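Going down the list, the protein sequences come from chains A and B. In case it helps, my numbering puts the first sequence at residues 1 to 492. In case it helps, my numbering puts the second sequence at residues 1 to 353. Heads up, the beta-carbon is just placed ideally off N, CA and C, and yes, glycines get one too. Remember, it's a predicted structure, so these values are computed and weren't measured experimentally. Written out below as structure tokens is the structure these notes cover.
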Amino acid sequence: MAAVAALLPLGYLVVRAWEGGGDTVWRVLWQERTLALAARSIGLAAAVALACLVLGVLGAWLVVRSDLPGRRVAGTLLVLPLAVPSYVAAFTWIAQWPSLSGFGGAFLVLTLVLFPYVLLPVAAALRSADPALEEVARSLGKSAPRTFMLVTLRHIRPAATAGALLVALYVLSDFGSVSLLRFDAFTMGIYTSYQGTFDRTPAAILGCVLVALALVLTAGERRARGAAAVASARGAARASAPVPLGKARIPALLGVVVLVVLSLGVPVYSLARWLLVGRSAGVDVPDLLAATWGTVTVSGLGTALTVVLAIPVGILAARYPGRLARGVELGSFAGHALPGITVGLALVFFGIRVAPELYQRTPMLAFAYAVLFLPLAVGAVRTAVTNAPPVLEEVSRSLGKGRLATQLLVTMPLAAPGVLAGAALVFLTCAKELPATLMLRPTGTDTLATELWSSTEIAAFAAAAPYAAVLLIVAAVPAVLLDQFLRRGGRQ
Amino acid sequence: MTALTVEGLIAGYGPEPVLRGLDLAVPEGSLAAVLGPSGCGKTTLLRVLAGLHPLREGRVALGERVLSARNVHIAPERRGIGLVPQEGALFPHLSVAGNVAFGLSRAQRRDGRVDELLDLVGLGGYGARMPAQLSGGQQQRVALARALAPRPGVVLLDEPFSSLDAGLREELRADVRAALRATGATALLVTHDQEEALGVADLVAVLRDGTMAQLGTPQQVYLQPADLGVALFVGDAVVFEARTGAGVAETPLGQVPVEGGDTGVGTVLVRPEQVHIDAAGRAGVAATVTDVFFHGHDATVLLRLDDGAEVRSRVQGPLQARPGDGVALTVSGTARFFPAATQPVTSAMASPS
């Protein structure tokens with residue numbers, strides 16, 4: 001039910017796109033501009049994904065497997081860019097170097113923000129890899145580099161491709177940073193076509209194309225991953241001995257330092273500088289507070305709605321595996337593939353036609369967040385419920401507690417930390433969300449993200465800096481909670 | 001009085017049922033062990049009894065009350081059947097006392113029932129601890145206390161000792177039996193460990209291919225196995241093809257008295273502890289020692305007779321035999337005889353190692 005509700009607006013978008021008839025669709029699709037937009041977006045996505053793959057795998061290996069000095073600290077620092085919304089990163093870069101723009105700029109900024117999406121899962125896969133497999137390969141006469149190619153790479157391949165897929169999907173659907181960096185991407189095309197003309201049919205058509213692109217990408221990755229299924233080794237994995245880097249130690253360390261400086265140092269430095277500049281010019285405190293309040297309320301409502309919808313779906317998916325669970329898994333990837341701008345657009349059409357009284361009101365935006373981030377929350381609920389062993393529910397039943405009492409007394413308390421972590425993740429993502437917020441925000445309400453975007457658009461960097469700073473803080477609180485939870489979970 | 005009755009139970013998952021017409025009756029207050037190799041349907045039986053899995057045919061009753069039948073399915077929470085799963089499965093978010101009190105009403109909690117049970121399982125004063133702070137054996141004790149707390153009609157124990165090391169297992173078995181006796185609870189213990197079933201239970205039910213191969217006391221099952229399959233499963237055995245007549249079997253080890261008056265050709269079975277070794281090689285059938293396995297408390301000696309037959313002997317105390325030694329063998333006690341026509345060796349029942 002929840003899933004159907006979530007997909008309704010998208011179905012509506014498809015209908016809306018067909019309203020002009022097949023000819024219009026054909027005409028819009030074969031425009032030179034459409035093709036150019038698509039080519040540019042795909043090119044950027046491919047380039048960034050590739051760069052992230054290289055940086056992520058190298059970084060993960062250095063942090064987990066080598067004797068790199070300070071690798072624990074490096075491990076934390078290299079994951080932190082994840083907390084920086086891509087358009088905040090873009091803002092800090094162009095505030096520092098206003099000439100930065102186009103493909104090169106978008107490539108640089110997005111790569112620096114997104115490489116942790118590969119690094120994080122690959123590092124986890126490397127940690128969980130049974131060193132016995134590598135030891136066996138070595139004992140069978142394979143050299144260390146051959147072992148890496150034959151054994152280690154195979155083990156991390158699913159994690160690496162999944163990470164690269166997330167990166168590519170992110171780039172395809174990214175709106176904030178490409179618009180700030182004046183890179184004419186597909187999402188930009190949709191937005192200008194939505195803003196600039198009375199006929200919004202082309203925008204609807206382009207929105208559908210973007211979803212189709214994302215789905216094709218997802219399906220391709222699934223096939224690639226399916227072929228590389230790795231049997232997990234039995235038994236508790238030991239930590240493997242760090243590989244000595246030898247002469248490569250210093251260059252490797254330098255590389256990591258440069259990466260940290262570029263991905264974290266530049267945003268922090270630039271933000272600090274413009275905050276100081278802005279302070280002398282005076283900060284509009286009431287506006288800042290209003291925007292903060294806007295972000296917190298809108299994101300809070302969106303999170304609440306999302307989690308409430310996700311709990312029954314997640315429990316079902318965890319306890320009754322089969323078609324539903326597979327559907328949820330597919331849905332969670334399709335969810336990553338759903339660009340915010342398309343969902344925003346779909347809800348604009350849906351709102352105007354079906355529920356005009358809700359259009360540009362808070363519930364509509366909360367619903368947009370639910371559509372966008374439901375898969376995220378369902379995944380968290382499902383994992384949390386799966387981790388609560390069913391045998392505990394059976395024991396509870398044998399002790400005289402009914403189905404509902406068992407859910408309340410056993411399953412929910414056990415799953416609560418995981419569900420809360422999922423809620424934190426959803427909140428963080430809502431707070432960072434830009435395009436749907438821009439299109440659907442309630443009249444008269446500004447959020448940190450929209451304020452930042454409009455100030456940066458007119459190059460008012462000093463005015464934008466406080467919003468960026470507060471946004472980072474608002475997003476950091478749930479990120480810290482999430483991190484705490486994951487660490488605790490890792491120890492148990 | 002019979003506490004638990006199972007009649008003609010058919011249940012399973014796919015098109016082929018796992019349990020195929022199982023009968024079982026457990027008298028009140030007794031501890032019955034369900035013994036069988038993996039895949040024989042032990043776990044399915046347990047789940048059907050607990051109400052966690054539906055049956056297809058048959059009947060499960062607790063006293064006079066029918067719990068499961070073709071169109072009857074009492075919910076697990078309304079059966080009054082306690083469950084001690086493998087490895088305890090304590091609620092990790094509740095303290096030890098919280099776990100034990102889980103199935104109790106508010107009034108019962110105030111009665112001191114929790115402390116009473118913790119004392120019973122030897123964990124008095126542990127109430128405030130969390131499950132993660134307990135050892136594996138302690139967790140099992142809490143799981144038993146939790147299951148016994150609401151005074152269930154029957155407690156089901158699913159291989160409760162299998163994850164513990166040998167020394168601890170022995171001690172916990174004794175304590176669990178004592179706790180069950182003290183509360184007068186009827187219990188059903190599922191296990192694949194012959195020694196455990198024979199050592200701890202009042203009654204052993206040997207399950208094979210989803211039906212009951214034999215139900216009896218440990219002595220009956222071991223000394224008077226219903227068929228060769230049961231005999232081979234519940235203990236080590238020396239087996240010969242032999243002819244019997246007038247209560248005596250002609251075996252390679254000489255004439256051995258057999259139970260029952262069967263005559264004809266069939267299989268004769270003696271337990272290795274009935275085969276005695278005379279190291280000086282004076283009286284008995286000549287044999288050569290081929291291998292010796294020393295177990296500490298006793299030893300198993302592998303021997304070859306002059307006609308090539310292999311024999312095992314279990315020897316107590318000090319033993320001087322070495323591979324290659326020539327010895328003489330005698331058999332004490334009576335052997336079991338299974339006539340060939342009615343006793344095909346069941347392939348599904350593997351001999352214990």
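Query	Result
Considering only C-alpha positions, which residue in the set B:GLY216, B:PRO152, B:ARG173 is nearest to GLU159 of chain B?	B:ARG173
Using a Cβ-Cβ cutoff of less than 6 Å, which residues in the same chain neighbour THR342 of chain A once the five nearest sequence positions on both sides are dropped?	GLY207, LEU210, VAL211
LEU404 of chain A touches chain B at which residues, Cβ-Cβ below 9 Å?	Those do not exist, as LEU404 of chain A stays about 11 Å from chain B at its closest Cβ, beyond 9 Å.
Under a Cβ-count criterion, where at least 16 other Cβ atoms within 10 Å of its own Cβ denotes burial, should ALA123 of chain A be classed as buried or exposed?	buried
Given PHE338 of chain B, which residues of its chain have a CB within under 6 Å of its CB, disregarding the five upstream and five downstream residues?	LEU228, GLY266, THR267
Just verifying my parser: in three-state terms, what is the DSSP assignment at ASP209 of chain B?	coil
Of all the options A:VAL14, A:PRO81, A:ALA45, which has the alpha carbon lying nearest to the alpha carbon of SER173 of chain A?	A:ALA45
DSSP beta-bridge partners for THR288 of chain B?	B:ARG304, B:GLY326
Taking C-beta to C-beta, are LEU4 of chain B and LEU62 of chain B nearer than 7 Å?	yes
If I follow the unbroken beta strand (DSSP E) through GLU57 of chain B, where does it start and stop?	57–62
Give the DSSP-derived three-state secondary structure of PRO257 of chain B in the structure shown.	strand
Cβ of ALA60 of chain A within 7 Å of Cβ of ALA168 of chain A?	no
Does any CB atom of chain A fall closer than 7 Å to the CB of GLY103 of chain B?	yes
Are any of the Cβ atoms in chain B nearer than 7 Å to that of GLY400 of chain A?	yes
Give the range of the beta strand (DSSP E) segment to which THR251 of chain B is assigned.	248–251
Out of curiosity, what's the CA-to-CA distance linking ALA39 of chain A and ARG72 of chain A?	40 Å
Determine the DSSP secondary structure at HIS276 of chain B, reduced to helix, strand or coil.	strand
Exposed or buried, ARG353 of chain A, counting other C-beta atoms within 10 Å across all chains shown (16 or more means buried)?	exposed
Would you tell me roughly how many angstroms separate the C-alpha atoms of GLY14 of chain B and VAL72 of chain B, rounded to the nearest one?	21 Å
Taking LEU144 of chain B as the reference, give the member of B:VAL315, B:GLY88, B:ARG312, B:GLN194 with the closest Cα.	B:GLY88
Just to confirm the assignment: which complete alpha helix (DSSP H) runs, minimum length 4, are found wholly within the stretch 435–482 of chain A?	435–440, 448–457
Use the C-beta contact count for GLU310 of chain B: other C-beta atoms within 10 angstroms, 16 or more gives buried, fewer gives exposed.	exposed
Measuring alpha carbon to alpha carbon, tell me which of A:VAL371, A:LEU215, A:LYS247, A:GLY70 ends up nearest VAL426 of chain A.	A:VAL371
Are there 16 or more other CB atoms within 10 angstroms of the CB of ARG403 of chain A, so buried, or fewer, so exposed?	exposed
If we cut at 7 Å on Cβ distances, does GLU116 of chain B have a partner in chain E?	Chain labels in this structure do not include chain E; the protein chains are A and B.
Whose C-beta lies closer than 7 Å to the C-beta of GLY490 of chain A among residues of the same chain, with five residues either side of it excluded?	Low confidence applies here, because GLY490 of chain A scores a pLDDT of 42, under 50, leaving its location unreliable; read the following figure in that light. Result list for GLY490 of chain A: empty, nothing under 7 Å.
Would you mind sorting VAL381 of chain A into buried or exposed? The rule is 16 or more other CB atoms within 10 Å of its CB.	buried
Give the list of continuous beta strand (DSSP E) stretches no shorter than 3 residues that lie fully inside the stretch 66–97 of chain A.	none
Does any residue of chain B have a CB that is nearer than 7 Å to the CB of ARG397 of chain A?	yes
Tell me whether the beta-carbon of HIS93 of chain B lies closer than 7 Å to the beta-carbon of LEU108 of chain A.	no
Assuming ALA33 of chain B and GLY82 of chain B form a contact by the criterion Cβ under 8 Å, report the distance between their Cβ atoms to the nearest whole angstrom.	Contact doesn't hold; Cβ gap of about 17 Å is too wide.
Name the residue from B:VAL289, B:ARG169, B:ALA340, B:ARG312 whose alpha carbon lies nearest to the alpha carbon of GLY326 of chain B.	B:VAL289
Grab me the residues of LYS42 of chain B's own chain with a C-beta within less than 7 Å of its C-beta, minus the 5 sequence neighbours each way, in chain order.	VAL34, GLY36, VAL190, LEU207
Would you verify that the beta carbon of HIS53 of chain B is, or is not, closer than 7 Å to some beta carbon of chain A?	no
Looking at C-beta atoms only, is the number of pairs between the stretch 436–449 of chain A and the stretch 394–408 of chain A that lie closer than 8 Å three or more?	no
Look up VAL215 of chain B in the DSSP assignment and give the residues it is bridged to.	Note that residue 215 of chain B is Leu in the sequence shown here, rather than Val. According to DSSP, which records beta bridges pairwise, LEU215 of chain B is partnered with B:ALA205.
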